[in-house]
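Trainee: Chains as they are written, first to last, in numbering that gives the first Met the number 0: chain C, 0 to 302; chain Y, 0 to 302.
Glycine residues also receive a C-beta, built at the ideal position from the N, C-alpha and C atoms.
Number of protein chains: 2
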Amino acid sequence: MISLSCEPTMLPEQRDTQTPWFSEVYEPAGTAQSWRLTAARLDARRTPYQHIEIFATESYGRLMSIDGCVMLTSRDNFLYHEMMTHPALFTHGQPRDVVIIGGGDCGTLREVLKHASVRSAVQIDIDEQVTRLAEIYFPELCVSNSDPRARLLFDDGLAWIKHAPDASADSIIIDSTDPIGPAEGLFGPGFVSDCFRVLRSGGLLVQQSESPLIHQPLIKGIRENMRQAGFTDMRTLGFPQPCYPSGWWSATLAVKGDHSLDAFREQDSRARSFETKYYTAACHRGALTEPPFLRKVLQESGL
Amino acid sequence: MISLSCEPTMLPEQRDTQTPWFSEVYEPAGTAQSWRLTAARLDARRTPYQHIEIFATESYGRLMSIDGCVMLTSRDNFLYHEMMTHPALFTHGQPRDVVIIGGGDCGTLREVLKHASVRSAVQIDIDEQVTRLAEIYFPELCVSNSDPRARLLFDDGLAWIKHAPDASADSIIIDSTDPIGPAEGLFGPGFVSDCFRVLRSGGLLVQQSESPLIHQPLIKGIRENMRQAGFTDMRTLGFPQPCYPSGWWSATLAVKGDHSLDAFREQDSRARSFETKYYTAACHRGALTEPPFLRKVLQESGL
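Structure (structure tokens):
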């Protein structure tokens with residue numbers, strides 16, 4: 000697999016939690032993004048898996064970082080959560096059983112449960128503290144945590160999928176951190192093959208696939224794994240995501256069985272009974288056509 | 000008009016041009032973006048209008064800044080230039096005469112001249128040095144500068160438009176810097192009214208309208224001006240733009256006369272004879288539907 004490193008180095012004047020900036024230096028691209036803070040660090044927990052911190056920014060609301068990398072902010076997480084969820088669930092004919100791997104902030108879970116057809120949504124995040132901190136600092140993402148259809152497990156997603164029954168899920172959403180540390184295995188071919196087995200025919204796999212601009216080798220690797228696992232159609236949908244490196248992010252969808260990703264339930268999407276901030280049927284349709292520069296790179300690898 | 004300030008303050012260790020980072024601190028949002036450099040500053044010119052600098056970044060190629068604000072990088076300028084040009088020119092029935100206000104890096108001009116129907120493209124940038132530096136450091140953007148249909152003027156765009164004949168242009172593209180300094184007047188109602196007069200019926204105005212996420216008051220102001228000037232349909236098309244604050248940018252289109260912006264030449268766009276890296280008919284169609292969070296804000300102001 001492609002190896003990325005997300006160096007949590009802070010710029011010198013920002014190493015002290017009393018100073019007014021949070022910076023993430025993204026070493027592979029030689030870029031950094033910074034937010035001015037309105038307070039000292041709000042919270043921090045060192046868990047067996049990672050170091051989670053919460054900050055209050057001047058204009059993006061709360062910010063959660065894990066090992067120095069921004070995971071989400073209050074202001075812009077709607078983009079990611081909506082695009083990780085609705086394109087897949089409006090492509091599936093009738094999504095009933097959904098599995099979320101990672102997703103501890105519960106934002107994807109909230110979006111999944113907006114779909115009336117869903118009868119079970121299991122979220123498996125290895126680190127309970129992500130959810131406990133989200134409940135405190137991002138309560139708006141956790142409003143559906145006590146929905147009777149929801150089950151929150153704190154466990155190893157790789158092992159959970161390995162032991163899940165064949166053909167038991169309609170969609171699996173891999174809402175993971177970057178492919179380093181605890182999430183590394185979620186970008187490996189073995190895990191993707193397990194997901195294929197666990198999906199029913201017509202099932203959708205969704206994987207967060209980083210930036211179309213600066214992570215093309217990673218996207219190729221993700222799609223290579225999906226193809227090897229047996230998925231037929233694949234599509235990388237781009238969307239703006241200000242708080243991540245390059246401000247441009249993607250979700251890669253793959254479908255099991257004889258179904259084209261062009262055919263989504265466009266009428267249902269237009270007539271949806273719930274609010275979205277970014278997702279529309281038109282943006283879904285637009286995102287299905289990969290930009291030519293990305294298409295070219297994928298085509299060169301037969302993807 | 001809305002007042003924005005784009006403080007060119009560099010973080011302390013970056014104030015010396017020998018150090019390896021370029022940072023833009025965007026004061027209104029309390030955010031900053033930084034690029035690691037591979038060399039000392041490549042060039043700098045202090046003109047009567049502004050301070051232009053050229054840097055070599057580690058992974059975004061060359062970077063041009065004006066008064067400390069990033070104008071473009073080699074790697075990601077295709078997004079902006081394509082989205083400032085092709086949606087408007089594929090909406091107009093047969094764009095022949097195009098005016099570019101600003102645009103001194105010549106990237107928009109290059110895109111405009113890809114349209115075979117265009118017989119004249121006049122670019123009016125107040126600062127000749129922007130173009131002279133683009134010719135040296137971004138030669139790929141200047142490949143059409145000697146096209147016989149192109150005319151490069153170095154003049155005040157406000158005055159030029161004021162004296163341009165009525166109904167003499169099919170599209171006017173306002174490819175300006177931020178609404179501070181020399182470009183401030185380009186965001187004022189008087190200039191937009193002049194553009195309306197200079198456009199033929201069916202003509203398209205395009206204005207770079209900053210970030211859908213963090214500049215909603217500015218977008219409202221732009222659209223208010225357009226409506227007051229007499230434009231009928233207006234639409235704010237979003238696109239990723241990593242090098243600008245929030246990484247998400249927009250172009251606002253307005254049409255003169257009885258024409259809906261939904262009706263673009265979709266078949267011509269699909270069958271276009273030239274290459275694009277981001278623009279497709281599908282992304283054009285997708286961008287025409289404004290995201291619900293932006294629609295809501297605009298609707299509250301009757302826009």
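List, in order along the chain, the chain C residues whose C-beta lies closer than 7 Å to that of Lys276 of chain Y?
Mentor: Going along chain C in sequence order, the residues near Lys276 of chain Y (Cβ under 7 Å) are Pro290, Pro291 and Phe292.
Trainee: Report the residue from Y:Ala253, Y:Leu108, Y:Gly106 and Y:Tyr25 whose alpha carbon sits nearest the alpha carbon of Ser58 of chain C.
Mentor: Y:Tyr25
Trainee: Quick check on the burial criterion: 16 or more other C-beta atoms within 10 angstroms. Buried or exposed for Pro290 of chain C?
Mentor: buried
Trainee: DSSP three-state label for Gln49 of chain C, please.
Mentor: coil
Trainee: From which residue to which residue does the beta strand (DSSP E) around Val205 of chain C run?
Mentor: Leu198 to Gln207
Trainee: For the alpha helix (DSSP H) that contains Ile135 of chain C, what are its first and last residues?
Mentor: Glu127 to Tyr136
Trainee: Using only the alpha-carbon positions, how far apart do Ala286 of chain Y and Leu236 of chain Y sit?
Mentor: 5 Å
Trainee: Following the continuous beta strand (DSSP E) through Glu223 of chain Y, name the residue where it begins and the one where it ends.
Mentor: Counting along the chain, Glu223 of chain Y falls outside any beta strand (DSSP E), though it belongs to the alpha helix (DSSP H) covering Gln215 to Ala228.
Trainee: Can you tell me which of the three DSSP states Tyr277 of chain Y falls into?
Mentor: coil
Trainee: Just list the beta strand (DSSP E) runs in the segment 42-113 of chain C, keeping only unbroken ones of 3 residues or longer that don't cross its boundaries, in chain order.
Mentor: 42-45, 50-55, 61-65, 68-72 and 96-101
Trainee: Less than 8 Å between CB atoms is the rule here; does Ser208 of chain Y satisfy it with respect to chain C?
Mentor: no
Trainee: Between which residues of its own chain and Asp96 of chain Y is the CB-CB distance below 6 Å, once the five residues before and five after are set aside?
Mentor: Ser119, Ala168 and Asp169
Trainee: Check each residue of the segment 52-84 of chain C: if its Cβ is closer than 8 Å to any Cβ of chain Y, include it; give the result in chain order.
Mentor: Thr56, Glu57, Ser58, Tyr59, Arg74, Asp75 and Phe77
Trainee: Are the Cβ atoms of Gly187 of chain C and His91 of chain C separated by less than 8 Å?
Mentor: no
Trainee: Starting from the C-beta of Phe190 of chain C, find all residues in its chain whose C-beta is less than 7 Å away, skip the five residues before and the five after it, and write them out in chain order.
Mentor: Leu157, Ile160 and Gly184
Trainee: Going by beta-carbon coordinates alone, are Ala55 of chain Y and Leu71 of chain Y separated by less than 8 Å?
Mentor: no
Trainee: I want to verify the contact list: residues of chain C whose CB lies under 9 Å from the CB of Gln32 of chain Y, in sequence order.
Mentor: Thr30, Ala31, Gln32, Ser33 and Gly246
Trainee: Would you decide whether His162 of chain Y is buried or exposed? Buried here means 16 or more other CB atoms lie within 10 Å of its CB.
Mentor: exposed
Trainee: Roughly how many angstroms separate the alpha carbons of Arg109 of chain Y and Ser73 of chain C, rounded to a whole number?
Mentor: Answer to the nearest angstrom: the Cα atoms are 39 Å apart.
Trainee: Using a Cβ cut-off of 9 Å, which residues of the segment 135-154 of chain Y contact any Cβ in chain C, in chain order?
Mentor: none
Trainee: If we count the other Cβ atoms within 10 Å of its Cβ and call it buried at 16 or more, is Asp165 of chain C buried or exposed?
Mentor: exposed
Trainee: With DSSP run on the structure shown, which of helix, strand or coil describes Ala158 of chain C?
Mentor: helix
Trainee: Considering only their Cβ atoms, is the gap separating Ala250 of chain Y from Ser268 of chain Y smaller than 8 Å?
Mentor: no
Trainee: Quickly, what does DSSP pair Pro239 of chain C with across the bridge? List them, please.
Mentor: C:Trp247
Trainee: What does the alpha-carbon distance come out to for the pair Arg234 of chain C and Ser143 of chain Y?
Mentor: Straight-line spacing of the CA atoms in Arg234 of chain C and Ser143 of chain Y works out to 35 Å.
Trainee: Excluding five sequence neighbours on each side, which residues of the same chain lie with their C-beta closer than 7 Å to the C-beta of Thr107 of chain C?
Mentor: Excluding residues up to 5 positions away in sequence, His80, Met83, Thr84, Ile99, Ile172 and Asp174 lie with their Cβ nearer than 7 Å to the Cβ of Thr107 of chain C in the same chain.
Trainee: Which of the three DSSP states is assigned to Glu289 of chain C in this structure?
Mentor: coil
Trainee: Taking all protein chains shown into account, decide if Thr176 of chain Y is buried (16 or more other Cβ within 10 angstroms of its Cβ) or exposed.
Mentor: Thr176 of chain Y should be labelled buried.
Trainee: Near Leu293 of chain Y, which residues of its chain fall below 6 Å by C-beta distance, leaving aside the five closest residues on each side in sequence?
Mentor: Pro211
Trainee: Report yes if the C-beta distance between Arg226 of chain Y and Leu297 of chain Y is below 8 Å; otherwise report no.
Mentor: no
Trainee: Starting from the Cα of Met63 of chain C, find the closest Cα among C:Val129, C:Leu88, C:Ala149 and C:Arg196 and give me that residue.
Mentor: Among C:Val129, C:Leu88, C:Ala149 and C:Arg196, the Cα nearest to that of Met63 of chain C is on C:Val129.
Trainee: Measure from the C-beta of Leu376 of chain C to each C-beta in chain Y and report whether the shortest distance is under 8 Å.
Mentor: Chain C is shown from 0 up to 302; residue 376 of chain C falls before or after that span and cannot be answered.
Trainee: Could you tell me if Phe273 of chain Y is buried or exposed, where buried requires 16 or more neighbouring beta carbons within 10 angstroms of its beta carbon?
Mentor: Phe273 of chain Y should be labelled exposed.
Trainee: Following the continuous alpha helix (DSSP H) through Asp267 of chain C, name the residue where it begins and the one where it ends.
Mentor: Glu265 to Arg269
Trainee: So Ala286 of chain C contacts chain Y; which residues on that side make the cut at Cβ distance below 9 Å?
Mentor: Ala281, Cys282 and Gly285
Trainee: Which residues of chain Y have a Cβ atom closer than 8 Å to the Cβ of Pro181 of chain C, listed in chain order?
Mentor: Those within 8 Å of Pro181 of chain C in chain Y number zero; the least Cβ separation is about 26 Å.
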